[in-house]
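Quick note: the sequence shown uses full-length UniProt numbering, first residue 1, plus one each step.
We treat Cβ as the ideally placed atom computed from N, Cα and C, and that holds for glycine.
None of the values given here were measured: they were computed from a predicted structure.
First up is the structure itself, then whatever we jot down about it.
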Amino acid sequence: MHLHIFSDLHADMADIKPIEPLPGVDVVVVAGDVCEGAVNGFARLREIVAEDVPIVMVMGNHEYYHRTYPEELNLARAEAARFGVHLLENDAVVLAGVRFAGATL
């Protein structure tokens, strides 16, 4: 299995450089801080990750800016599947026989 693992993109910052699409990846693992608001982050990730590639993600502190922890987590859980994101918060998912577990620390 070919993984692409990253964190702290802070993709909502004005001076960030564009990220090229990721070729040849089986699963993308994201360890938080894509941008402010998880759903915004899901959309940004789909700009660089092919639709057929699953994304496994835990949220960082930047995803929770502007909302309380429960509000943002509930919104993110409600929207994650629409973007093909497996959002992990004290749970796990199995993809191609590999178990991914995650939680925000």
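Buried or exposed, going by whether 16 or more other CB atoms sit within 10 Å of the CB of residue i?
i, result
"V30", "buried"
"I5", "exposed"
"H66", "exposed"
"L95", "exposed"
DSSP three-state call for residue i: helix, strand or coil?
i, result
"L95", "strand"
"A50", "coil"
"V85", "strand"
"G60", "coil"
"G32", "coil"
"V25", "coil"
Going by beta carbon distance, what residues of the same chain come within less than 6 Å of residue i, once the five residues before and after it are set aside?
i, result
"G102", "V58, L88"
"G32", "S7, V58, M59, G60"
Looking only at its chain, what residues have a beta carbon closer than 7 Å to the beta carbon of residue i, apart from the 5 residues adjacent to it on each side?
i, result
"R44", "A11, V34, C35"
Whose C-beta lies closer than 8 Å to the C-beta of residue i among residues of the same chain, with five residues either side of it excluded?
i, result
"residue 118", "Beyond the ends of the chain as shown, which are 1 and 105, falls residue 118; an answer cannot be given."
Should residue i and residue j be called a contact, given that it needs their Cβ atoms to be closer than 8 Å?
i, j, result
"A78", "F42", "no"
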